[in-house]
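Structure first, commentary second.
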Amino acid sequence: MKKSLVVFLTIVTALLLSVGFAQDYENVSPEGQTITFWHQHTRSRADALNEIIATFNETNPYGITVNAEYQGGYGDIYKKMVPVLGTSDSPNLVVAYQNQAATYAVADGMVDMTSLVDSPKWGLSADDKADFFAAFLNADVFPSFDNARYGFPPNRSMEVMYYNEDWLKELGFDGPPTTFEEFKNMACAASQNPYSKATSEGSLGYELSIDASRFASWTFAFGGDIFDYEANQYTYDSPAAIEAMTYLQGLFDEGCAAVVTERYGDQSNFGAGRTLFTVGSTSGLPYYGSAVDDGAAFNWSVAPLPQKGDTQINLYGASVSIPSGHSLEQNLATWEFIKYYTSPEVQAKWAQASNYFPVRKSVAANLGDYFEKNPAYKKAFDFLQYGKTEPPVPGYDEVRDLIASEMAAIMDGEDVVSTLKLATAEANFLLEEQLGE
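Under the numbering used here, residues 191 to 627 are what the sequence shown spells out, in order.
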């Protein structure tokens, strides 16, 4: 009987260590641990990350060693993670979008980081927590999993409206649109009046890249959401979503907007002075700058989309997560690196090297020169307080593909209401399948 009880307790203990239950780290030491970090960064971002890691390895007081391993893009990492979830073959730290972390969590493949973040000994102080942008921290808390924290943000991007300042002046407008009526008037005027310094023929008011994040951005702008967190259901057929898609369909019907037809075509057309407005990630700021410099060389900037009600700007970016299957000592060592990675001084370096936004408010004080050299980045930085995120639920990758397809159909003339009702039903069916596994 005693032997059976010992075996049972041993099994339970092993299971608790392998999955994401809350743990007590107060008497754990990270001393001498070696951890592996799977990431997607290349070129200058990889160089900057390697420098950050090298400094951490040399200076941390616990002798922790971090080994960074490039594993391809986000999709490649996801495919490599699925077979090793919950095992010691998984990395100690992995880059993951919130929906990917949620999918891992369904398979008990994630560590709930709440105990680390809130640890009296190892966690963040109240002042440190307050220094993080609230929307950034909240994005990695998962309502579908009893508010477990399955990630922590090292950086973020947001969706903004890029616009040609000089073209707007030629059209007789003083600045970017702040209402949907103004956006329509400007876009339609541009489609009829080409920019005088354009380097290629043709003109268009707005070029729409078909993407689930664009759908979310426009729905947010119309004052709504794409997910009901209390009901745990997608709401792609909400009044705001219907209004947003009806509005965009109207722009298409009047010849004031068109779909992007090639990869980064909106960037190149914007740079050539052919497109007045585009909507995209702030991670593209350097590429837009290069497109303009190599093209029509005009003054340009960024702004939020027009808003109906309180400003809501789509904020996104992959976080870093701690996979299960490792010892508490390794988890703690991983957390020590995350704290370093997200410290104000390191964040300032990472922001400038990556062009991502830092996750802490205080970092702005160390970005004065960078702000001066990159005014569009500074302008967008001031929008961070309005950030709103897409749902951190499992299976969102499949739903994103579905919504992109239905969004394209709407722009081709399909009925908005019936299309979105069907899309919502299918999205919620996919969610039920994920949560039921």
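Just so it is clear, CB atoms sit at the ideal spot from N, CA and C, and this is done for glycine as well.
| Query | Result |
| --- | --- |
| Those residues which DSSP pairs with residue 324 across a bridge | Looking at the DSSP assignment, residue 324 forms no beta bridge with any residue, so it has no partner. |
| Exposed unless 16 or more other CB atoms sit within 10 angstroms - verdict on residue 368 | exposed |
| Limits of the unbroken alpha helix (DSSP H) element including residue 523 | 518-531 |
| Distance between beta carbons of residue 523 and residue 225, contact taken as under 8 angstroms | 5 angstroms |
| Close beta carbons around residue 411, own chain, < 6 angstroms, minus the five adjacent residues each side | 495 and 497 |
| CB-CB length for residue 447 against residue 377, believed under 8 angstroms | 6 angstroms |
| For residue 550: DSSP bridge partner residues | 322 |
| Strand pairing of residue 424, partner residues [DSSP] | 417 |
| Distance CB(residue 475)-CB(residue 375) smaller than 8 angstroms | no |
| Residue 284 versus residue 265 - alpha carbon distance | 12 angstroms |
| Coil, strand or helix - residue 472 by DSSP | helix |
| Nearest-angstrom Cα separation, counted from residue 423 out to residue 211 | Because the pLDDT at residue 211 is just 47, under 50, the model does not fix this residue reliably, and the value given afterwards should be weighed accordingly. So the alpha carbons of these two residues sit roughly 25 angstroms apart. |
| Extent of the continuous beta strand (DSSP E) to which residue 227 belongs | 224-229 |
| Strand pairing of residue 346, partner residues [DSSP] | 547 |
| Nearest residue (CA-CA) to residue 550, options 566, 530, 562 and 559 | 530 |
| Assigned exposure category for residue 382 - 16 Cβ within 10 Å defines buried | exposed |
| Same chain, Cβ closer than 7 angstroms to residue 615, five either side skipped, listed in chain order | none |
| Closer than 8 angstroms to chain D by CB, residue 381 | No chain D is present in this structure, which holds just one protein chain. |
| Endpoints, the beta strand (DSSP E) within which residue 286 is located | 283-286 |
| First and last residue of the uninterrupted beta strand (DSSP E) at residue 503 | 503-506 |
| Buried or exposed by the 16-neighbour rule on C-beta atoms within 10 Å, applied to residue 537 | buried |
| Residue 463 - DSSP class collapsed to helix/strand/coil | coil |
| Limits of the beta strand (DSSP E) - the one that residue 389 falls within | Looking at the DSSP string, residue 389 is not in any beta strand (DSSP E), and its letter there is neither H nor E. |
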